[in-house]
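Reading through the structure tokens given below for one structure.
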Amino acid sequence: MNTHPPFDVELAAFLPEGEPDRPFLDGVEGVERLRAAMAEYEESVDDVRAATGARIDERTVDGVPVIVILPAGDRRARGAILNVHGGGLVAGSHRSVLTVNTRIALDLDCAMVVPDYRLAPEHPYPAGLDDVHTVWRWLAGGGLWAEVDPDRLVVMGGSAGGLLSAGLMVRLLARRETLPSALALVQPQLDDRNAQPSTYEIEHAHFWDRPSNLLSWSMYLAGVDGVPDEASPARVGDLRGFPPTFIEIGQVDVFRDEELDFAARLSRAGVPVEAHLWAGAFHGFDGLTETRTAQRAVAARLDFLRGYLSDR
Numbered sequence: 001m002n003t004h005p006p007f008d009v010e011l012a013a014f015l016p017e018g019e020p021d022r023p024f025l026d027g028v029e030g031v032e033r034l035r036a037a038m039a040e041y042e043e044s045v046d047d048v049r050a051a052t053g054a055r056i057d058e059r060t061v062d063g064v065p066v067i068v069i070l071p072a073g074d075r076r077a078r079g080a081i082l083n084v085h086g087g088g089l090v091a092g093s094h095r096s097v098l099t100v101n102t103r104i105a106l107d108l109d110c111a112m113v114v115p116d117y118r119l120a121p122e123h124p125y126p127a128g129l130d131d132v133h134t135v136w137r138w139l140a141g142g143g144l145w146a147e148v149d150p151d152r153l154v155v156m157g158g159s160a161g162g163l164l165s166a167g168l169m170v171r172l173l174a175r176r177e178t179l180p181s182a183l184a185l186v187q188p189q190l191d192d193r194n195a196q197p198s199t200y201e202i203e204h205a206h207f208w209d210r211p212s213n214l215l216s217w218s219m220y221l222a223g224v225d226g227v228p229d230e231a232s233p234a235r236v237g238d239l240r241g242f243p244p245t246f247i248e249i250g251q252v253d254v255f256r257d258e259e260l261d262f263a264a265r266l267s268r269a270g271v272p273v274e275a276h277l278w279a280g281a282f283h284g285f286d287g288l289t290e291t292r293t294a295q296r297a298v299a300a301r302l303d304f305l306r307g308y309l310s311d312r
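To convert, note that position 261 of the sequence shown is 261 in the UniProt record's numbering; the numbers rise steadily by one, no gaps.
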């Protein structure tokens, strides 16, 4: 078994004591546990609207539920972020961490659109990607042009949302459709093959581990005969044409090596890339907002986004 790098001491203090007795995600029962755990982070639109003063609406875009966050008052937003939530392709919703998303939109003076895409195993590939694509077409086609500068549209996704965001770029390039100004991938899940060295470093953990990743991919790709590039973006041979890309990487993460490889291949393809490798950070570390590492990581991410949403 490979040995992973040491944890950041401040981050490690938030991990449960003792060895994990099972994979983070284990079978259908594990999916239900993860969904229940992530549901605890869902928030009421009315409550967040009242607490922040932002304009927050729930809409349906061609059958896909979305939450749209806009700056307070009648001010036109500088741009918009299509923000694709994580959850291992099997959990999470557009109401997850709604306060966090709202405060990001207010901080950046932009709109944010969060789709509630369909989840595996009930809805395997391409359902989730199709839903994200539907919402992107609406946004890029003028869905918020009365509210948003149409030349400043960014796609962002974390973990499984990063997979769907990168997969969206592959699809848009293949179909010659409108691309965003920039792409932000936050600890993205990119490669179904699970062959990189880092995937063997974390066999069982209190966070996303190898067995969980194998199960997630098997549920997402159920029934697929031959994995399309858009379903697993690390398989793409030629990454030319991707928009400027930000990649956030945890050093103690099963995804580390596929993310580093993806950043390197984007660079070789001539794509502007900003990649941050955070020492000792495990998957999902950015949610531990009390820690210095999480604060630095989020600040770097927001600085990248601000560059593509503000006057440059």
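By construction, the Cβ of each residue, glycine as well, lies at the ideal position given by its N, Cα and C atoms.
message = Could you check whether the stretch 28-37 touches the stretch 3-19, counting it as contact only if at least three pairs of C-beta atoms, one from each stretch, sit closer than 8 angstroms?
response = no
key: heavy atom of the ligand HEM below 8 angstroms from P126 C-beta   = With respect to small molecules bound, the structure shown includes none, and the ligand HEM cannot be examined in it.
request  = Counting only the same chain and skipping the five closest in sequence on each side, list residues whose C-beta sits under 7 angstroms from that of L106.
outcome  = T52, A54 and P71
key: Straight-line gap, L164 to E10 (C-alpha atoms, nearest Å)   = 31 angstroms
ask   = Can the beta-carbon of L190 be found less than 9 angstroms from the beta-carbon of L25?
value = no
key: Touch test, the stretch 60-68 against the stretch 238-247, Cβ-Cβ under 8 angstroms, three pairs minimum   = no
Exposure label - P5; buried when at least 16 CB within 10 Å = exposed
ask   = Under three-state DSSP, which class holds E122?
value = coil
key: Own chain, CB closer than 8 angstroms to V64, minus 5 neighbours either side, in chain order   = P115, D116, Y117, D131, T134 and V135
query = Under three-state DSSP, which class holds N2?
reply = coil
key: G128 versus L119: straight-line alpha-carbon distance, rounded   = 6 angstroms
message = If you measure between the beta carbons of P188 and A205, is that distance less than 9 angstroms?
response = no
message = In the DSSP assignment, the beta strand (DSSP E) including V114 goes from what residue to what residue?
response = A111 to P115
key: Host alpha helix (DSSP H) of P65 (start-end)   = Segment V64 to L70 is the beta strand (DSSP E) holding P65; no alpha helix (DSSP H) there.
In DSSP terms, what G250 is bridged to = W278
message = Please state the DSSP three-state secondary structure of L288.
response = coil
task = Measure the Cβ-Cβ separation of A77 and D149 and say whether it is below 9 angstroms.
result = yes
message = Considering only their Cβ atoms, is the gap separating A234 from R193 smaller than 9 angstroms?
response = yes
query = So D130 is in the alpha helix (DSSP H); what residue range does that whole segment cover?
reply = A127 to W138
message = I'd like the span of the alpha helix (DSSP H) that includes residue 319, first residue to last.
response = One cannot answer for residue 319 here, as it falls past the ends of the chain, which runs 1 to 312.
key: Cβ contact (3+ pairs, closer than 8 angstroms) linking the stretch 258-275 and the stretch 211-229   = no
query = So which of A279, T99, L305 and N2 has the shortest CA-CA distance to T293?
reply = A279
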